[in-house]
Amino acid sequence: AIDSPKAPVVLLSMLFGCISCDVVHRDLLTKLPENLMNTGLAKGKSTLPQGHEMLMDVAAELKEFKFQTSAALEDYFSTASVETVERRLNELGQRQYQHEFVKKAIVM
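Under the working numbering, the first residue of the sequence shown is numbered 115, with each subsequent residue one higher.
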């Protein structure tokens with residue numbers, strides 16, 4: 115829990131402002147902690163008007179990537195085929211989320 119309840123919204127608002135002014139790239143959103151992203155989504159469009167859709171898109175991409183990589187890892191643990199996992203990761207083509215694959219592989 116955060117001691118300052120408005121901190122997530124303020125952080126996200128600053129980040130969305132930087133993205134809209136082309137100071138940072140949208141891909142930076144892919145590195146946000148999921149609890150921060152979920153807080154932003156829970157606050158709704160009225161609280162974060164300029165970035166809510168971007169955040170929804172990133173959350174959907176991340177969810178799909180995690181689903182696909184979980185399936186790939188389950189296949190790996192049953193077949194020990196590195197090539198299959200490599201092929202599936204290449205097919206997904208979401209390099210910005212590959213750190214999530216590593217985290218998932220460590221905890222499985």
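Ideal placement from N, C-alpha and C gives every residue a C-beta, glycine not left out. Computed from a prediction, not measured in an experiment: that's the story for all the values here.
Determine contact between the region 147-162 and the region 183-194, defined as no fewer than three beta-carbon pairs at a distance below 8 Å. no
Cα-Cα separation, D171 to K177: 10 Å
Between A173 and L126, what straight-line distance do the alpha-carbon atoms span, to the nearest angstrom? 14 Å
Enclosing alpha helix (DSSP H) for M151 [first to last residue]: E148 to K157
The alpha helix (DSSP H) that contains L203, what's its start and end? V196 to L206
Three-state class that DSSP yields for H166 in the structure shown: helix
Tell me whether the region 158-168 and the region 194-213 touch, counting them as touching only if at least three CB pairs, one residue from each stretch, are closer than 8 Å. no
For Q182, would you say it is in contact with chain C, using Cβ-to-Cβ distances shorter than 8 Å as the test? Note that chain C does not occur in the displayed structure, where there is just one protein chain.
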